[in-house]
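Trainee:
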Amino acid sequence: MKVLVVEDHPAVRGLIGSYLSERGFAVDDVSTAGDAMASTAVNAYDAIVLDLGLPDVDGLELLGRIGRGRAERAAIIVVSARDSLEERVRALDAGADDYLVKPFDLIELEARLRAMLRRPRVGYGPVHKRGRLVFDPMRREASVDGSAIELTRREASLLEELMRAGNRFTAKEILEERLYSSTDERSYNALEATVSRLRKKLMNVGAGVAVYGRRGVGYRLQEETRRTLIQPHDNDRGGHLKAGGPMVQRTGV
Numbered sequence: 000m001k002v003l004v005v006e007d008h009p010a011v012r013g014l015i016g017s018y019l020s021e022r023g024f025a026v027d028d029v030s031t032a033g034d035a036m037a038s039t040a041v042n043a044y045d046a047i048v049l050d051l052g053l054p055d056v057d058g059l060e061l062l063g064r065i066g067r068g069r070a071e072r073a074a075i076i077v078v079s080a081r082d083s084l085e086e087r088v089r090a091l092d093a094g095a096d097d098y099l100v101k102p103f104d105l106i107e108l109e110a111r112l113r114a115m116l117r118r119p120r121v122g123y124g125p126v127h128k129r130g131r132l133v134f135d136p137m138r139r140e141a142s143v144d145g146s147a148i149e150l151t152r153r154e155a156s157l158l159e160e161l162m163r164a165g166n167r168f169t170a171k172e173i174l175e176e177r178l179y180s181s182t183d184e185r186s187y188n189a190l191e192a193t194v195s196r197l198r199k200k201l202m203n204v205g206a207g208v209a210v211y212g213r214r215g216v217g218y219r220l221q222e223e224t225r226r227t228l229i230q231p232h233d234n235d236r237g238g239h240l241k242a243g244g245p246m247v248q249r250t251g252v
């Protein structure tokens with residue numbers, strides 16, 4: 000899940016970004032409305048954490064701009080020290096999906112984000128199922144017949160994207176955009192390495208689905224048949240890719 004944090008206070012922005020990254024989100028962060036508009040123009044975000052007190056444009060105006068700029072916009076949670084009922088109502092009427100008053104607990108922010116992302120409007124169901132594999136996007140947990148599969152944060156994010164795509168291929172560039180923030184350091188074949196690890200873990204537990212790659216097209220999950228079970232998944236012949244601050248705190252206020 001990819002999140003944009005729009006917050007002009009450096010310490011608060013850093014705390015939110017670091018915490019959400021640790022919890023499995025791919026996070027971009029900006030400090031102005033102008034940068035926020037530029038980021039949403041070129042990136043697809045699942046959610047936006049928006050402070051209202053921005054230096055260039057008031058956050059309420061930015062809410063309207065974001066809503067007009069995208070046909071399928073991200074879910075937006077406002078985080079602001081403006082605690083009056085009037086301000087909260089104005090933000091919700093302007094397009095916000097939720098409103099959290101500063102100071103707040105980061106655990107609550109995460110819970111509210113996940114609650115918003117469960118709503119059908121942004122494309123998240125309660126669980127995804129393929130073959131014997133079950134993935135819970137809210138808990139970030141995968142299992143086969145009730146037995147958990149140990150996945151890294153990145154592997155879980157990759158599996159989630161592939162599960163959501165169904166039988167469709169997802170391009171490598173799209174997966175990289177969804178799994179990594181703009182500031183993440185990664186090698187040229189970082190995605191391929193993650194695909195390879197996930198593929199092996201699914202095979203080892205007999206998930207009944209495999210990660211397939213098609214050169215120049217991308218990756219998808221495919222339920223295994225007797226024919227596919229005897230084919231090497233990493234073979235690149237026939238078109239398959241070879242995968243080789245003061246306002247926020249962690250535990251309470």
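For the sequence shown, the residue numbers in numbering that gives the first Met the number 0 are 0 to 252. Glycine included, every Cβ here is placed at the ideal spot set by N, Cα and C.
Alpha carbon to alpha carbon, what distance is there between residue 155 and residue 141?
Mentor: Walking along the sequence shown from the start, residue 141 turns up at place 142. Walking along the sequence shown from the start, residue 155 turns up at place 156. Near 8 Å, if we compare the C-alpha coordinates of residue 155 and residue 141.
Trainee: Exposed or buried, which one is residue 49 when buried takes at least 16 other CB atoms within 10 Å?
Mentor: Counting from 1 along the sequence shown, the entry for residue 49 is found at position 50. Buried, since its Cβ has 16 or more Cβ neighbours within 10 Å.
Trainee: Alpha carbon to alpha carbon, how far is residue 53 from residue 134? Give it in angstroms, no decimals.
Mentor: As a first step, residue 134 must be located in the sequence shown, where it is residue number 135. As a first step, residue 53 must be located in the sequence shown, where it is residue number 54. Between residue 134 and residue 53, the C-alpha separation is close to 38 Å.
Trainee: Could you pull out every residue in the same chain whose Cβ sits closer than 7 Å to the Cβ of residue 93, ignoring the five residues on either side in sequence?
Mentor: As a position in the sequence shown, residue 93 is number 94, starting the count at 1. Same-chain partners within the cutoff: 59, 62 and 63.
Trainee: Specify, as a first and last residue, the run of the beta strand (DSSP E) that residue 13 falls within.
Mentor: The residue given as residue 13 occupies position 14 in the sequence shown. Taken as a continuous stretch (DSSP letters only), residue 13 belongs to no beta strand (DSSP E), being part of the alpha helix (DSSP H) at 9-21.
Trainee: Starting from the Cα of residue 78, find the closest Cα among 168, 7 and 169 and give me that residue.
Mentor: Numbered from its first residue, the sequence shown carries residue 78 at position 79. For residue 78, the nearest C-alpha among the options comes from 7.
Trainee: List, from N- to C-terminal side, the alpha helix (DSSP H) runs of 4 residues or more that fit wholly inside the segment 146-205.
Mentor: Correct list: 152-164, 171-178 and 189-203.
Trainee: What residue range is occupied by the uninterrupted beta strand (DSSP E) comprising residue 43?
Mentor: Your numbering for residue 43 matches position 44 in the sequence shown. That residue, residue 43, is in no beta strand (DSSP E); it is neither H nor E in DSSP.
Trainee: Applying the 10 Å Cβ sphere with the 16-neighbour rule, what's the burial state of residue 41?
Mentor: Within the sequence shown, residue 41 is the residue found at index 42, counting from 1. It is exposed - the Cβ of residue 41 has fewer than 16 other Cβ atoms within 10 Å.
Trainee: The beta strand (DSSP E) spanning residue 253 covers which residue range?
Mentor: Since the first residue of the chain shown is 0 and the last is 252, residue 253 is not available in this structure.
Trainee: At what residues does the alpha helix (DSSP H) containing residue 93 begin and finish?
Mentor: One-based indexing of the sequence shown puts residue 93 at position 94. Residue 93 -> alpha helix (DSSP H) spans 84-93.
Trainee: Specify the secondary structure class of residue 217 as computed by DSSP and reduced to three states.
Mentor: Your numbering for residue 217 matches position 218 in the sequence shown. It is a strand residue.
Trainee: Report the rounded CA-to-CA distance for residue 5 versus residue 187, giving the unit in angstroms.
Mentor: Residue 5 sits at position 6 when you count from the first residue of the sequence shown. Residue 187 sits at position 188 when you count from the first residue of the sequence shown. About 29 Å.
Trainee: How about residue 14 and residue 105: are their beta carbons less than 8 Å apart?
Mentor: Translated into the one-based positions of the sequence shown, residue 14 becomes position 15. Translated into the one-based positions of the sequence shown, residue 105 becomes position 106. Taking 8 Å as the Cβ cut-off, residue 14 and residue 105 qualify as a contacting pair.
Trainee: Is residue 120 helix, strand or coil when you go by DSSP?
Mentor: The sequence position of residue 120 within the sequence shown is 121, counting from 1. Legend: pLDDT at residue 120 = 48, less than 50; position of this residue unreliable, value from coordinates given subsequently. It is helical.
Trainee: Would you kindly report the start and end of the unbroken beta strand (DSSP E) that includes residue 141?
Mentor: In the sequence shown, counting from the first residue as 1, residue 141 sits at position 142. That run of the beta strand (DSSP E) goes 140-143.
Trainee: Please report the straight-line C-alpha distance between residue 30 and residue 74, rounded to a whole angstrom.
Mentor: What you label residue 30 is simply residue 31 of the sequence shown in a count that begins at 1. What you label residue 74 is simply residue 75 of the sequence shown in a count that begins at 1. One C-alpha to the other measures close to 19 Å.
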